[in-house]
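Keeping their order, the protein sequence lines are chains A and B. For the first sequence, position 176 (counting from the first letter as 1) is numbered 176 according to full-length UniProt numbering, and the numbering increases by one without interruption. For the second sequence, position 89 (counting from the first letter as 1) is numbered 89 according to full-length UniProt numbering, and the numbering increases by one without interruption.
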Amino acid sequence: MHMLRRDKKEEEDGGGNPFHNIEKSSVLQEARTFNESPINPRKCAHILTKVLYLINQGEQIGTTEATEAFFAMTKLFQAKDPILRRLVYLGIKEMSKIAQDVIIVTSSLMKDMTGREDQFRGPAIRALCSITDTTMLQSIERYMKQAIVDKVNAVSSAALVSSLHLSKCSQDVTKRWVNEAQEAVSSDNIMVQYHALGLLYHIRKYDRLAVTKLVTKFSKHSLKSPYAYCLLVRLCYCLLEILCFVYFIRTDSPMFDFIENCLRHKSEIVIYEAAHAIVNLKNTSAKELASAVPVLQLFCSSAKPTLRFAAIRTLNKVAMKHPAAVTACNLELENLITDSNRSIATLAITTLLKTGSESSIDRLMKQISSFMNEISDEFKIVVIQAIQSLCSKFPRKHPVLMNFLSSVLRDEGGFEYKKAIVDSIITIIEDNPEAKEAGLAHLCEFIEDCEHTVLATKILHLLGREGPRTPTPSKYIRFIYNRVILENAAVRAATVTALAKFGAHCEELLPSCIVLLERCLLDTDDEVRDRATFYVQTLKQQQKSLKSTYILNGLQVSVVGLERALHHYTMEPTETPFDVKSVPLETAPITDSKQVREPGEAGGQKTEKVAASRQDIYAEQLSSIPEFANLGNLFKSSSLPVQLTESETEYVVQCVKHTFSHYIVFQFDCSNTLNDQVLENVTVHMEPADGFQVLKCVPCASLPYNKPGTTYTLVHLPEDPTLVTGTFSCTLKFIVKDCDPNTGEPDDEGYEDEYVLEDVEVSVADHVQRVMKPNFGVSWEEVGLENELEDTYALSTMKTLEEAVQNIIKFMGMQPCERSDKVPEGKSSHTLYLAGVYRGGHDGLVRAKLALSDAGVTMQLTVRSTDPDVSEVMATAIG
Amino acid sequence: MIISVFVFEETLFVRPFNADEHFHVKSTAHETMDGGILEPSLYTVKAMAILDNDGNRMLAKYYDDQFPTPKEQKQFEKNLFSKTHRANSEIIMFEGLTCVYKSNVDLFFYVVGSSQENELILASVLNALYDAVNQILRKNVEKRALFENLDAVYLAVDEICDGGIILDADSTSIVQKVAIRSDDIPLGEQTVAQVLQSAKEQIKWSLLK
């Protein structure tokens with residue numbers, strides 16, 4: 001009665017929440033009612049609901065309290081009331097993590113799980129699995145297997161889903177349930193089908209071949225569940241991505257056909273999943289996209305906001321790579337601009353920005369400014385990225401776009417958002433020299449009031465690099481120096497570096513910069529003080545080479561490599577000082593200038609990480625082979641493996657070249673595609689070119705079917721320093737043993753055989769490591785005229801400047817600096833700057849002046865280096 | 001044909017193939033707008049919640065540890081509510097997650113998934129949740145009715161999603177599994193026999209006390 005009155009009162013209060021005033025202690029007290037006999041199901045259910053409510057509200061319950069309530073709850077198994085029983089299962093699941101000795105209910109749950117009441121069985125299985133650990137799993141295994149193939153769908157689903165949860169901690173046991181899962185996939189119930197397919201995939205996910213078989217099998221076996229279809233589409237997508245990741249090309253495959261067929265499925269969920277997968281595949285061709293776009297176009301005019309959102313988000317993605325494919329949808333997109341869901345409107349506008357013409361930009365920018373404040377940061381970032389790509393597409397529009405960016409930079413926003421804006425402005429500055437001054441001015445203004453240290457340091461770094469080269473560098477000094485007074489240590493340190501760069505680059509500013517830097521000598525932070533002292537001393541020396549090496553162009557070693565080399569050095573104390581030249585150089589990122597930045601994904605940075613780590617992995621692998629222990633440091637590994645066979649032959653071999661200071665190691669990754677043969681003692685015999693000398697072969701002891709193996713050949717480089725290129729003819733030599741395809745057991749007897757491979761080329765590029773010189777001009781002066789070589793070439797096969805630039809970079813294997821790999825449109829001449837380090841640690845710089853003429857491209861090549869031989873080698877690289 | 005293709009590509013890797021690593025290639029772009037594709041998995045739902053018209057939690061279930069403490073969870077709910085309670089537009093990208101939602105009178109229903117998740121799947125779960133609650137509350141979807149039937153709603157949520165895996169998305173079958181008590185039906189809709197039966201029960205219980 002009391003309860004009721006309280007309820008009434010609350011209702012008058014307007015809360016109407018019967019659970020509003022409950023307290024943990026009183027509810028737990030009430031839970032003792034569970035021990036009474038006979039059980040009052042209604043009352044107990046009400047109390048149990050309160051307990052569940054408390055837990056759901058995030059109330060913390062102590063272990064002893066929980067254990068007590070849990071034990072009281074177990075008494076409720078005596079009641080037959082279905083609701084109460086089901087609530088008990090919920091209670092067990094909720095408390096399984098906080099109470100102790102929860103396994104006490106195992107037998108009760110097992111009874112329900114195998115009992116006659118079908119409506120108890122599924123939930124009982126799920127509750128049981130939430131309290132089961134690996135040690136107990138054995139005892140319920142038999143029941144689980146039965147439950148998976150149970151004819152009651154809810155039971156089967158519950159068992160399958162619980163198996164998936166369990167497999168997180170004990171993969172081995174659930175593996176044995178494959179056959180049952182297999183049977184469950186053919187169930188009539190759509191959810192059972194879906195769960196069974198999910199479990200099958202999970203069990204096999206580390207075996208790619210088995211996953212392929214799974215997909216091939218079920219893509220023909222028409223499933224009923226749309227969710228299961230989505231899962232299959234996703235599996236196909238992943239397999240295709242791996243194929244593409246490895247091949248770098250797309251092949252026609254039954255899996256792609258399956259995805260395409262799903263576009264005609266009757267469920268919207270599946271259609272969308274398939275369209276989404278096609279759009280997300282790397283290297284989708286315009287033709288392949290053509291099938292997905294009309295589907296998405298149709299969704300755009302759907303009445304359901306979710307469908308419109310999904311469609312426009314995917315179309316937006318298409319527009320990044322293939323704007324032309326989306327232009328057909330422009331009409332639908334125009335209609336979505338005024339959509340009441342701001343997310344949809346934003347995506348529509350950004351998509352239109354990508355597909356539209358130059359004339360529509362002003363109108364769209366106006367539209368988007370009107371609701372920029374209403375959308376979430378994620379979408380603001382999308383807008384910013386769209387604007388960034390717009391800038392490279394229509395460079396003439398940069399004033400409008402730059403104005404927009406600077407105004408949003410002043411608005412409120414999170415770090416990610418600000419970072420996107422700053423990145424965009426930086427990209428625009430780098431791409432478009434006309435926008436540089438305006439952009440730098442906006443950034444200067446921004447750091448005046450910037451709460452993000454990372455962004456401030458980034459901008460200061462940029463100012464240090466770009467500022468000195470503008471017509472009036474002095475105007476940036478004030479902005480930079482203000483940071484020293486107002487900011488935290490990290491920013492101050494960056495400021496000091498930026499100031500030093502101004503001093504090093506501009507003679508007239510040097511005295512004032514030194515004065516400013518001297519004021520930092522008494523800074524409270526060690527790093528700032530150290531930097532200031534270092535720079536002041538260096539600048540006072542007034543030496544070009546010092547300025548270039550220590551201020552304008554920094555260290556170029558790989559950080560991982562430096563760490564390893566230093567560690568190695570400290571492990572083995574020697575008299576000789578540490579030599580920085582022995583540290584492997586940083587592998588400069590191979591950035592493709594035409595690469596489309598995807599939203600939220602820093603495209604360039606990702607490849608950089610991969611490239612850098614790849615060489616480190618190689619270095620580690622090679623150093624673990626005793627034969628190669630004395631070769632010295634790995635200088636360079638060729639980035640992409642070269643195929644020495646066709647892809648469908650019996651044996652597949654590819655080659656990676658590792659250059660050391662006096663040796664080259666050829667690494668041959670071999671694979672045997674014949675399942676009735678085992679190859680043993682596999683080596684690659686190389687016929688060396690002039691001056692090269694084959695020293696050693698490290699054979700691959702055994703090469704069974706489908707297990708890749710590696711053999712190495714060590715070659716000594718010619719003594720003549722100018723003799724560096726050559727062609728090697730290669731033969732694979734091995735002993736063949738026949739074997740049983742099923743067991744892989746080889747015969748005792750074998751015979752020798754060989755297999756001719758394609759030739760391996762060693763080019764100049766193999767001896768050169770790419771190095772980025774942020775300030776090419778200074779380095780050029782630093783190296784000086786001493787070893788300069790100059791020559792003029794007519795490149796008659798090249799038709800455009802871009803083509804010539806790409807080919808020169810490829811032949812030289814050097815890093816283009818100052819963004820000179822980008823040829824401005826409509827120009828008939830261009831200068832390419834390349835920098836690299838030659839084997840042995842000699843800097844090599846190349847300036848190639850290109851001019852377009854009727855008979856192709858004419859090139860004047862100037863090479864400077866610290867070593868005369870290196871200049872000679874480099875000058876002959878193109879010929 | 002496919003088999004031979006796969007054999008070949010094994011050779012390209014220096015290291016042995018590790019499925020996890022490569023299936024994860026896509027999922028690194030987490031919490032961005034990039035609509036890449038997730039690692040294939042049944043774990044679709046990250047959270048489900050029912051909030052009232054002040055953004056207070058009526059019920060919430062979180063299925064992964066993106067928001068480990070109740071405090072973080074409630075903060076997320078508050079933020080989500082403030083973004084969604086005015087504009088009824090059904091879907092929003094929020095804090096790097098896709099949230100689909102629906103409201104009626106004084107209740108807000110949410111289903112949350114990864115930003116790379118198929119939005120339509122999440123919407124189907126939301127519909128299942130809403131329709132099941134609608135049936136349990138007999139089309140009277142409001143806060144008061146929800147509190148009166150909180151036990152049944154808990155059970156329904158448990159039947160829709162188990163640890164992040166969609167268990168069932170068909171509202172009729174969900175409600176069937178929840179099996180509401182017959183005596184919960186309002187007096188006017190009960191047959192005479194049912195009324196008598198429940199009266200008998202209640203007398204019996206009061207005597208036994």
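A virtual CB, placed ideally from N, CA and C, is assigned to each residue, including glycine.
T659 (chain A) sits in a strand when the DSSP states are folded into three classes. As for any beta strand (DSSP E) of minimum length 3 sitting wholly inside the region 736-793 of chain A, the runs are 751-756, 760-762 and 768-770, ordered along the chain. Residue burial is scored here from C-beta neighbours: H662 (chain A) has fewer than 16 other C-beta atoms within 10 angstroms and is therefore classed as exposed. Segment contact: the region 512-522 of chain A against the region 532-542 of chain A, three or more CB-CB distances shorter than 8 Å; contact assigned.
In chain A, no part has a C-beta under 9 Å from the C-beta of D54 (chain B); the shortest such distance is about 10 Å. Secondary structure remark: continuous beta strand (DSSP E) runs of at least 3 residues inside the region 442-499 of chain A: none found. Checking the DSSP bridge columns, you'll see I91 (chain B) partnered with B:V100.
Chain-order list of chain A residues neighbouring V100 (chain B): T306, by C-beta distance under 7 Å. At a C-beta separation below 7 Å, P40 (chain B) has these neighbours in chain A: Y201, L231, R234, L235 and C238. Chain B has no Cβ within less than 8 Å of the Cβ of Q388 (chain A).
Legend: CB atoms of the region 161-173 of chain A lying less than 9 Å from CB atoms of chain B belong to residues V161, S162, L164 and H165. Residue-level contact by beta carbon fails for M372 (chain A) and chain B, as no gap is shorter than 8 Å.
Only residues of its own chain outside the window of five on either side were considered, and among them S108 have a CB closer than 6 Å to the CB of F77 (chain A), listed in chain order. Looking only at A:K849, A:L834, A:R363 and A:A851, the smallest Cα-Cα distance to D843 (chain A) is reached by A:L834. Residue contact check for M191 (chain A) against chain B: a CB pair falls below 8 Å. Closest option to D523 (chain A), judged by alpha-carbon separation, among A:T497, A:A489 and A:M113: A:A489. Less than 8 Å separates the beta-carbon of V724 (chain A) from that of V873 (chain A). Closer than 8 Å to the CB of E260 (chain A) there is not a single CB belonging to chain B. Per DSSP, the continuous alpha helix (DSSP H) segment holding H165 (chain A) begins and ends at N153 to S167. L107 (chain B) sits close to E142 (chain B), with the two beta carbons spaced by under 8 Å. Between Q73 (chain B) and G439 (chain A), the C-beta gap is not smaller than 8 Å, which leaves the two residues out of contact. Residues of the same chain with a CB within less than 8 Å of the CB of V408 (chain A), apart from the 5 flanking positions on each side, are M372, K380, I384 and I421 in chain order.
Per DSSP, the unbroken alpha helix (DSSP H) holding A69 (chain A) starts and ends at T63 to T74. G198 (chain A) belongs to the set of residues whose beta carbon lies under 8 Å from a beta carbon in chain B. Going by C-alpha positions, Q29 (chain A) is about 16 Å away from F19 (chain A). Checking the DSSP bridge columns, you'll see T727 (chain A) partnered with A:E761. Counting the other CB atoms within 10 Å of its CB gives S796 (chain A) a total below 16, which places it among the exposed residues. Here the C-alpha atom of K61 (chain B) lies approximately 17 Å from the C-alpha atom of V88 (chain A). By the neighbour-count criterion, in which 16 or more other beta carbons inside 10 Å mark a residue as buried, A794 (chain A) falls on the exposed side. Interface with chain A (8 Å Cβ-Cβ cutoff): K177 (chain B) is included. Taking the C-beta atoms as reference points, A228 (chain A) is found no nearer than 8 Å to Q171 (chain A).
For the region 158-169 of chain B, the set of residues with a beta-carbon nearer than 7 Å to any beta-carbon of chain A comprises D158, D162, G163, I165, I166, L167 and D168, in chain order. By the rule that beta-carbons nearer than 8 Å mark a contact, F534 (chain A) does not touch chain B. At a C-beta separation below 8 Å, F67 (chain B) has no neighbours in chain A, since its nearest C-beta there lies roughly 11 Å away. In this structure, E788 (chain A) sits near V863 (chain A), with a CB-CB distance shorter than 8 Å. For the 8 Å CB-CB criterion, K540 (chain A) and E782 (chain A) do not form a contact.
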